[in-house]
Amino acid sequence: MADKLKVTLVKSTIGAIPKHRKTVEALGLKKLNSTVELPNNDAVKGMIWHVKHLVKVEEI
């Protein structure tokens, strides 16, 4: 199991519901194609699960 996850915003949040926009913002993603490295824990995985249609995730 990887220590970190590399999360990239691949779809715009313009048409997304407000809760999903806030979740993407809380993950640290600001603009399209921006990437952040986050710890691989249950809280982060839960946030990613809610916006899985907007992001791409890689284990590093």
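So that you can map any letter, position 26 of the sequence shown is 28 in our numbering, and since no number is skipped, the others follow by simple counting. Don't be surprised by glycine CBs; every beta carbon is placed ideally from N, CA and C.
### Message
Does Val12 come out as helix, strand or coil in the three-state DSSP assignment?
### Response
Within the sequence shown, numbered from 1, the residue matching residue 12 stands at position 10. In the structure shown, Val12 sits in coil (DSSP, three-state: anything other than H, G, I, E or B).
### Query
What whole-angstrom Cβ distance do Thr10 and Thr37 have, given they're in contact under 8 Å?
Along the sequence shown, read from residue 1 onward, the residue named residue 10 stands at position 8. Along the sequence shown, read from residue 1 onward, the residue named residue 37 stands at position 35. Contact holds; Cβ gap of about 5 Å.
#### Entry: Distance CB(Asp5)-CB(Asn43) smaller than 8 Å
Your numbering for residue 5 matches position 3 in the sequence shown. Your numbering for residue 43 matches position 41 in the sequence shown. Not closer than 8 Å, so no.
### Message
For Met49, tell me which candidate among Gly17, Lys13, Lys21, Val12 has the shortest Cα-Cα distance.
### Response
To locate residue 49, count along the sequence shown from 1; it is residue 47. The shortest Cα separation from Met49 among Gly17, Lys13, Lys21, Val12 belongs to Lys21.
### Ile62 beta carbon less than 8 Å from that of Lys8
What you label residue 8 is simply residue 6 of the sequence shown in a count that begins at 1. What you label residue 62 is simply residue 60 of the sequence shown in a count that begins at 1. Yes, the pair counts as a contact, with Cβ atoms nearer than the cut-off.
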